[in-house]
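Chemist: I'd like to ask some things about the structure below.
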Amino acid sequence: MNTNSSAKVHPLATANTFWVMGDQVRKRGKLEGTAFNVIDVIIPPGSGTPPHTHASPEIFRILEGTVRIWSMIGGKPVETDAVAGDVVTIPAHAPHAYQNISPVQAVMMSIVDDDMIAFFEAAASHEAPKGPPTPEAIGRIMRLTATHGINILQAA
-14 MNTNSSAKVH PLATANTFWV MGDQVRKRGK LEGTAFNVID VIIPPGSGTP
36 PHTHASPEIF RILEGTVRIW SMIGGKPVET DAVAGDVVTI PAHAPHAYQN
86 ISPVQAVMMS IVDDDMIAFF EAAASHEAPK GPPTPEAIGR IMRLTATHGI
136 NILQAA
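Numbering (our numbering), first residue to last: -14 to 141.
Spelled out as structure tokens, the structure:
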């Protein structure tokens, strides 16, 4: 038992905030001694991820808006809308994607491991994007996904 451990509050004001493509990510806290991290993802209307896989499991809790979750069930693509209060669990290597289908920003709290944090930090921009991703930004993300073990799937 670690007698030096104690509860820790991670104030919103101290969150490391950055953008990955169009989504704002706030790194909220890490449970020391584990790979568990909590992030908030603020997703503009229409924004999201392409279908992809990676070794890291994820948990999303939708806080605001409606987020369409794309997954594969029995080898067939399935879309399910998750609303505020819903929890989405994504096992390691499971094909998945998300998109904000709300007319306003969607917000989700995510539990991710250190490998996903490493990808987000490598892909981070510390300035909000001024428009849709440029071809250069997309190329950079594609290179980073390859080096971080993220496999982008063909569009569903």
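The C-beta atom is built at its ideal place from N, Cα and C for all residues, glycine as well.
1. Which class does residue 48 belong to by DSSP, given the choice of helix, strand or coil?
2. Give me the Cβ distance between residue 54 and residue 40, rounded to the nearest whole Å; I'm assuming they're in contact under 8 Å.
3. Tell me the rounded alpha-carbon separation between residue -1 and residue 59.
4. Are three or more beta carbon pairs between the region 114 to 128 and the region 11 to 22 nearer than 8 Å?
5. Just grab the DSSP bridge partners of residue 9 for me.
6. Residue 61 to residue 80, Cα distance in whole Å?
7. Going by the CB atoms, is the gap between residue 43 and residue 86 shorter than 8 Å?
8. List the endpoints of the continuous beta strand (DSSP E) containing residue 66.
9. Report yes if the C-beta of residue 106 is less than 7 Å from at least one heavy atom of the ligand PLP; otherwise report no.
10. So what does DSSP say about residue 20, is it helix, strand or coil?
Modeler: Looking at the atomic coordinates:
1. strand
2. With a Cβ gap of about 19 Å, residue 54 and residue 40 do not count as contacting.
3. 43 Å
4. no
5. 4 and 27
6. 11 Å
7. no
8. 61 to 68
9. The model on display carries no ligand, and the ligand PLP is accordingly not part of it.
10. coil
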